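So that you can map any letter, position 22 of the sequence shown is 22 in the UniProt record's numbering, and since no number is skipped, the others follow by simple counting.
First the structure, in the form of structure tokens, and then the observations on it.
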Amino acid sequence: MLEECKALSNETRLAILEWLKDPAAQFPEAGAETGDIGVCAGLIQRRAGCSASTVSAHLAILQRAGFLLATRRGQWIYFRRDEDRIRAFTERLHHHL
1 MLEECKALSN ETRLAILEWL KDPAAQFPEA GAETGDIGVC AGLIQRRAGC
51 SASTVSAHLA ILQRAGFLLA TRRGQWIYFR RDEDRIRAFT ERLHHHL
């Protein structure tokens, strides 16, 4: 549970999780494919206003914590929330606190 809490201790990572909660509204330029495979890392980077390497590090931390799923299509990587893992984490957190 500590790794998940550390992943959530950054404003940008929290914002990324919030944006991906409703990707169609937050990333309308991504089109209909956001529901199927997620949002391209480039669009997340643009929205975050950080360098590609910084956003990549944030996405990797969220992935290791189990909050994000990644799908590669060609040279692009798309990210979406893992709602089951997020729900399980919040339930564990509620139980322990």
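Here a beta-carbon is modelled for each residue, glycine too, at the ideal position from N, C-alpha and C.
This structure is a prediction, so every number in the text was calculated from the model and none was measured.
Check	Outcome
Can you grab the Cα-Cα spacing for the pair H58 / K6, in whole Å?	11 Å
Quick check: the Cα distance between V55 and L93, rounded to an integer number of angstroms?	26 Å
Which partner residues does C50 have in the DSSP bridge list?	Paired residues: none, contrary to the question.
Among R47, R46 and I77, which one has its Cα closest to the Cα of A60?	I77
If we define contact as Cβ-Cβ less than 8 Å, is H58 a contact residue for chain D?	As a matter of chain content, chain D is missing from the structure shown, which is built from one protein chain.
Taking DSSP as the reference, what is the three-state secondary structure of L69?	strand
Below 8 Å between beta carbons: does that hold for A70 and F79?	yes
When burial is assigned at 16 or more other CB atoms within 10 Å of the CB, is R73 buried or exposed?	exposed
Excluding the five sequence neighbours on either side, which residues of its own chain have a C-beta within less than 8 Å of the C-beta of R13, listed in chain order?	A7, H58, I61 and L62
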